[in-house]
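Q: One structure, as structure tokens, below. Some questions next.
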Amino acid sequence: MSSPHLKAIIFDIGGVVLHSPFIAIDEIESEKSLPRNYLNVSIASRGPGGAWERFERGELSLFPFYEEFGRDLSDTENGNKWYTEYCARKKIDLPALPVMLDIDGREVFGRMMRQSTAYDCHILQAIHRIRASGRWLIIALTNNYSKHITGSSSSMPLTAAQPPIGVPDSELRFLGWEDGAKFHLRTLFDDFCDSSELGMRKPDPEFYLLACQRNHIRPGEAVFLDDIGMNLKAARVLGMETIHVPIGGTLDAVKQLEGKLGIDLTSDLDHDNTTSAKL
Numbered sequence: 001m002s003s004p005h006l007k008a009i010i011f012d013i014g015g016v017v018l019h020s021p022f023i024a025i026d027e028i029e030s031e032k033s034l035p036r037n038y039l040n041v042s043i044a045s046r047g048p049g050g051a052w053e054r055f056e057r058g059e060l061s062l063f064p065f066y067e068e069f070g071r072d073l074s075d076t077e078n079g080n081k082w083y084t085e086y087c088a089r090k091k092i093d094l095p096a097l098p099v100m101l102d103i104d105g106r107e108v109f110g111r112m113m114r115q116s117t118a119y120d121c122h123i124l125q126a127i128h129r130i131r132a133s134g135r136w137l138i139i140a141l142t143n144n145y146s147k148h149i150t151g152s153s154s155s156m157p158l159t160a161a162q163p164p165i166g167v168p169d170s171e172l173r174f175l176g177w178e179d180g181a182k183f184h185l186r187t188l189f190d191d192f193c194d195s196s197e198l199g200m201r202k203p204d205p206e207f208y209l210l211a212c213q214r215n216h217i218r219p220g221e222a223v224f225l226d227d228i229g230m231n232l233k234a235a236r237v238l239g240m241e242t243i244h245v246p247i248g249g250t251l252d253a254v255k256q257l258e259g260k261l262g263i264d265l266t267s268d269l270d271h272d273n274t275t276s277a278k279l
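Numbering-wise, full-length UniProt numbering puts 169 at position 169 of the sequence shown, and it's gapless, one number per residue.
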């Protein structure tokens, strides 16, 4: 059933518009014979004081982040404690845990970024068709890290003609950003709310409210698409409609959005097995 009161569609970026960087984490866990979600649990459990969240709020620049991120991921004392608690919450058997880890933060982050340079074709087509209709605002709300990588700001959209500054070209190539999706990304949106530039991140309610205030809408006038449950829950508490976008489930998510908006977003791609696209 359509939702005629909607004025804006708010998209997460990684895991929605772009491929999920956390696919790389799964691969690394497997390669290092770590229990599934061990590194994800470690990242999440470290909370606001950890390297990951500090980087997303723009409090760490790239190279210091690499060092602190590696140190966080290699911390088996806390990592094992948090994973034990995670297994207890999930009521799953506790597997063998690592005695020692030596994880290179730069290598992990590089693999995550290279994984997430491609657009999801279903989401990209939906954005183009929503924009062509001229009926809704298209807003990005992302836990990101561009402040210390691109030198960009919310008033200076990142385009192919404005290459990133402050990071050597060799490092951009390592991250997969020399000609990847991120250099064109902001042109898709009417507003791009970047955690590293605004100093707050999902699921902080103030981040969602700021996105609404900047675009002169109420939370109840927006539908929000994200791949992470806690981010969707925070949006629902504020009154937003939400759509979960699981890995491999973007087409179903776009069909849900199609139903809310009442316009065609999926024809020509329903039977397309390709999930990647470029502008």
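C-beta: ideal position from N, C-alpha, C; glycine also.
Quick one, are the C-beta atoms of residue 74 and residue 101 less than 7 angstroms apart?
A: yes
Q: Closest to residue 226 by CA distance: which of 244, 217, 240 and 218 is it?
A: For the residues 244, 217, 240 and 218, the minimum Cα distance to residue 226 belongs to 244.
Q: Assuming residue 232 contacts residue 242 (C-beta within less than 8 angstroms), just tell me the rounded distance between them.
A: 4 angstroms
Q: Kindly give me the distance between the Cβ atoms of residue 21 and residue 115, rounded to whole angstroms, as I take these residues to be in contact under 8 angstroms.
A: 5 angstroms
Q: Using the three-state DSSP reduction, which class does residue 79 fall into: helix, strand or coil?
A: In the structure shown, residue 79 sits in a helix (DSSP, three-state: H, G or I).
Q: Taking the DSSP output, what are the residues bridged to residue 142?
A: 194
Q: In angstroms with no decimal places, state the Cα-to-Cα distance between residue 66 and residue 109.
A: 8 angstroms
Q: Return helix, strand or coil for residue 120, following the three-state DSSP convention.
A: strand
Q: Is it true that the CB of residue 204 sits closer than 7 angstroms to the CB of residue 144?
A: no
Q: Rounded to whole angstroms, how far is the Cβ of residue 7 from the Cβ of residue 177, which I believe are closer than 8 angstroms?
A: Not quite, the Cβ-Cβ distance comes to about 33 angstroms (not below 8 angstroms), so this is no contact.
Q: Under a three-way DSSP split, which group does residue 167 fall into?
A: coil
Q: Specify, as a first and last residue, the run of the beta strand (DSSP E) that residue 11 falls within.
A: 8-11
Q: Along the beta strand (DSSP E) that carries residue 241, what are the first and last residues, could you check?
A: Judged by DSSP secondary structure, residue 241 falls within the beta strand (DSSP E) whose first and last residues are 241-244.
Q: Buried or exposed for residue 63, please, with buried defined as at least 16 other CB atoms from any protein chain shown within 10 angstroms of its CB.
A: exposed
Q: Between residue 201 and the rest of its own chain, which residues show a CB-CB distance below 7 angstroms, the 5 nearest in sequence each way excluded?
A: 53, 56, 57, 143, 195 and 207
Q: Identify, in the order they occur along the chain, each residue of the same chain with its Cβ nearer than 6 angstroms to the Cβ of residue 79, setting aside the five sequence neighbours on each side.
A: 42
Q: Comparing C-alpha positions only, which one of 123, 92, 104 and 262 sits nearest to residue 70?
A: 104
Q: Helix, strand or coil for residue 110? Go by DSSP, reduced to three states.
A: helix
Q: Pick from 217, 186, 168 and 111: whose alpha carbon is nearest that of residue 26?
A: 111
Q: If you measure between the beta carbons of residue 254 and residue 122, is that distance less than 7 angstroms?
A: yes
Q: Could you pull the start and end residues of the alpha helix (DSSP H) that residue 189 belongs to?
A: Unbroken run through residue 189: none, as it is neither H nor E.
Q: From residue 169 to residue 50, what does the alpha carbon distance come to, in whole angstroms?
A: If I take the Cα positions, the gap works out to 27 angstroms.
Q: Under the assumption that residue 175 contacts residue 127 (Cβ atoms under 8 angstroms), give the Cβ distance between them as a whole number of angstroms.
A: Not confirmed; about 24 angstroms, so no contact.
Q: If I follow the unbroken alpha helix (DSSP H) through residue 24, where does it start and stop?
A: 22-31
Q: Can you round the beta-carbon distance between residue 129 and residue 257 to whole angstroms, since I take them to be within the 8 angstroms contact cut?
A: Rounded, the Cβ-Cβ distance is 10 angstroms, inconsistent with contact.
Q: Kindly say whether residue 131, judged by its beta-carbon, lies nearer than 7 angstroms to any beta-carbon of chain C.
A: This model lacks chain C altogether, as it is built from one protein chain only.
Q: Within a Cβ cutoff of 7 angstroms, which residues of the same chain sit near residue 218, ignoring the five residues on either side of it in sequence?
A: 212
Q: For the alpha helix (DSSP H) that residue 280 lies in, which residues bound it at each end?
A: The chain is shown from 1 up to 279; residue 280 falls before or after that span and cannot be answered.
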